[in-house]
Amino acid sequence: MSTDKNRVVIFDTTLRDGEQCPGASMTLEEKLEVAELLDTMGVDIIEAGFPIASNGDFESVAEISRRTKNAVIAGLSRAAFADIDRCAEAVRHARRPRIHTFISTSPVHMKYKLQKSPETVLEMVAASVARARGHVDNVEWSAEDATRTEIDFLCRCVEAAIKAGATTINLPDTVGYATPSEYEAMFRTVRERVPDADKAVFSTHCHNDLGMAVANSLAGVAGGARQIECTINGIGERAGNAALEEIVMAINVRRDVLPYETGIDATMLTRASKLVSAVTSFPVQYNKAIVGRNAFAHESGIHQDGMLKNNTTYEIMTPDSVGVSKTSLVMGKHSGRAAFRDKLKALGYELGENALNDAFSRFKDLADRKKVVYDEDIEALVDQEIAAAHD
Ligand code: KIV
Ligand code: ZN
Numbered sequence: 001m002s003t004d005k006n007r008v009v010i011f012d013t014t015l016r017d018g019e020q021c022p023g024a025s026m027t028l029e030e031k032l033e034v035a036e037l038l039d040t041m042g043v044d045i046i047e048a049g050f051p052i053a054s055n056g057d058f059e060s061v062a063e064i065s066r067r068t069k070n071a072v073i074a075g076l077s078r079a080a081f082a083d084i085d086r087c088a089e090a091v092r093h094a095r096r097p098r099i100h101t102f103i104s105t106s107p108v109h110m111k112y113k114l115q116k117s118p119e120t121v122l123e124m125v126a127a128s129v130a131r132a133r134g135h136v137d138n139v140e141w142s143a144e145d146a147t148r149t150e151i152d153f154l155c156r157c158v159e160a161a162i163k164a165g166a167t168t169i170n171l172p173d174t175v176g177y178a179t180p181s182e183y184e185a186m187f188r189t190v191r192e193r194v195p196d197a198d199k200a201v202f203s204t205h206c207h208n209d210l211g212m213a214v215a216n217s218l219a220g221v222a223g224g225a226r227q228i229e230c231t232i233n234g235i236g237e238r239a240g241n242a243a244l245e246e247i248v249m250a251i252n253v254r255r256d257v258l259p260y261e262t263g264i265d266a267t268m269l270t271r272a273s274k275l276v277s278a279v280t281s282f283p284v285q286y287n288k289a290i291v292g293r294n295a296f297a298h299e300s301g302i303h304q305d306g307m308l309k310n311n312t313t314y315e316i317m318t319p320d321s322v323g324v325s326k327t328s329l330v331m332g333k334h335s336g337r338a339a340f341r342d343k344l345k346a347l348g349y350e351l352g353e354n355a356l357n358d359a360f361s362r363f364k365d366l367a368d369r370k371k372v373v374y375d376e377d378i379e380a381l382v383d384q385e386i387a388a389a390h391d
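In structure tokens form, the structure reads like this:
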């Protein structure tokens, strides 16, 4: 049984950072459908959009705020007062509103993007958080590009944000540059050095440019973060964000070394993945962890034989634990006799040993020509075998 200090809050940003990637835009109706599913599956915070970005974004944040029953609804805003006020107007309909405000803190972003000095940025941190606190009690502040920020300056910014009233401090790996040990160390250092750090919840936000977004998020939690920002199917800017389904199942499956808890109903993960894929028209890669169509499929003869004897031989979680009805033993050139016999049985055929051997050898020839052998191919092959036996 875990205690509250091990509870990790899941902040889903599919509708904001996820939607920000090229080609993933969603209509209002689609966003409402996704938000409803996220709320039902137990997401703690839904980042519904960036209200200043467009009237459409404003409307969807406002409508999601009106309709959502359980989750906190967050809207994103830059450090400008106009952004923050517009965001406040959109989330004010929520039962539990949050304003999420951010500014870049790395030298490269301050110099080229913001064209502002560190001292000006520091002033903007305090002013923006105070402005947001004037609207709502629940304010998140993010140090954009935190992982490329000088640690002393990062600590000063975090201190200013907490002093001004931020209740969550997010330290993003905006460009997916950090390694897990670096990311963990950054959280430890900031939490140790900043006075009153324990007044805020620390949060991870990882991009996947080097394929380390999920590992980095979990490392951030080891460093003391208790909120993870992530998206369904890992959609997001460039190579995407940390994938919600991978984080949840890593914690569920490896609780022995990841002693945390989320409030997510994991049996809804597959449904959420399919919905987000359908509304964004972004296919899910076949071998994607947890929700890819091959995640619970086995083709090799050795693996199929093992699975037929005991499913723990090659599966570390059950398909139903993530909402998939069953394991599939895909018939192909790597399949063995045991799986072939099992498949025939499932299709209603009982062949004698000789007929089975003949059918199996013809199946192997066929599998050499076709990538996947479907049930209909096997039925046709066995029907031919039976007909030949009667001639
Ligand atoms: O990646 C990032 O830094 C962001 C912030 C706006 C939180 O998405
Ligand atoms: Zn991001």
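Under full-length UniProt numbering, the sequence shown has 57 at position 57, and the numbering climbs by one with no breaks.
Beta carbons: idealized from backbone N, C-alpha and C, even for Gly.
Is the beta carbon of residue j closer than 8 Å to that of residue i?
i: T147; j: Y183; result: yes
i: H334; j: Y314; result: no
i: H100; j: G75; result: yes
i: T120; j: D145; result: no
i: T68; j: D39; result: yes
i: I103; j: I73; result: no
i: L37; j: S60; result: no
i: V381; j: A359; result: Looking at the sequence shown, residue 381 is not Val but Leu. Yes, the pair counts as a contact, with Cβ atoms nearer than the cut-off.
i: L347; j: E379; result: yes
i: I228; j: A242; result: yes
i: V276; j: N233; result: yes
i: S142; j: P172; result: yes
i: A197; j: V190; result: yes
i: V214; j: I247; result: yes
i: A90; j: A62; result: yes
CB of residue i to nearest heavy atom of the ligand KIV: below 7 Å?
i: E144; result: yes
i: R17; result: According to the sequence as given, residue 17 is Asp; it is not Arg. Because some heavy atom of the ligand KIV lies under 7 Å away, the Cβ of D17 counts as near it: yes.
i: F102; result: yes
i: N170; result: yes
i: T27; result: no
i: L76; result: yes
i: T174; result: yes
Nearest by alpha-carbon distance to residue i: which of the options is it?
i: D83; options: A250, A53, E19; result: A53
i: M186; options: N310, D196, N216, A389; result: N216
i: F81; options: A132, S25, K31; result: A132
i: R16; options: Y349, G23, F50; result: F50
i: D265; options: N311, S321, T312, E376; result: S321
i: M331; options: V129, S325, L344; result: L344
i: E123; options: T149, R95, E159; result: E159
i: G165; options: E261, S181, N252, S128; result: S128
i: K288; options: G301, Q304, L269, V279; result: L269
i: D152; options: W141, R193, T179, E140; result: R193
i: T318; options: V291, R337, D305, P22; result: V291
i: E33; options: G42, H207, I64; result: I64
When every heavy atom of the ligand ZN is checked, does at least one fall within less than 7 Å of the C-beta of residue i?
i: E315; result: no
i: H205; result: yes
i: T231; result: no
i: N241; result: yes
i: E47; result: no
i: E140; result: no
i: G236; result: yes
Starting from residue i, follow the beta strand (DSSP E) in both directions and report where the run begins and ends.
i: T101; result: 97-104
i: A48; result: 45-49
i: E229; result: 227-230
i: P172; result: 168-173
i: T204; result: 201-206
i: F11; result: 9-12
Please report the residue range of the alpha helix (DSSP H) in which residue i lies.
i: V190; result: 180-193
i: H390; result: 375-390
i: S361; result: 353-369
i: V279; result: 269-280
i: T262; result: No alpha helix (DSSP H) holds T262; DSSP gives it neither H nor E.
i: Q304; result: 301-309
i: K345; result: 337-346
Is any heavy atom of the ligand ADP found at a distance shorter than 7 Å from the C-beta of residue i?
i: E184; result: The ligand ADP is not part of this structure, which contains only the ligand KIV and the ligand ZN.
Those runs of the beta strand (DSSP E) which lie wholly inside the stretch 49-81 and span at least 3 residues: Entirely contained in the stretch 49-81, the beta strand (DSSP E) runs reaching 3 residues are, in chain order, 72-77.
Would you mind listing the alpha helix (DSSP H) stretches within the stretch 90-155 that are 4+ residues and don't spill past its ends, in chain order? The stretch 90-155 contains these whole alpha helix (DSSP H) runs: 118-133.
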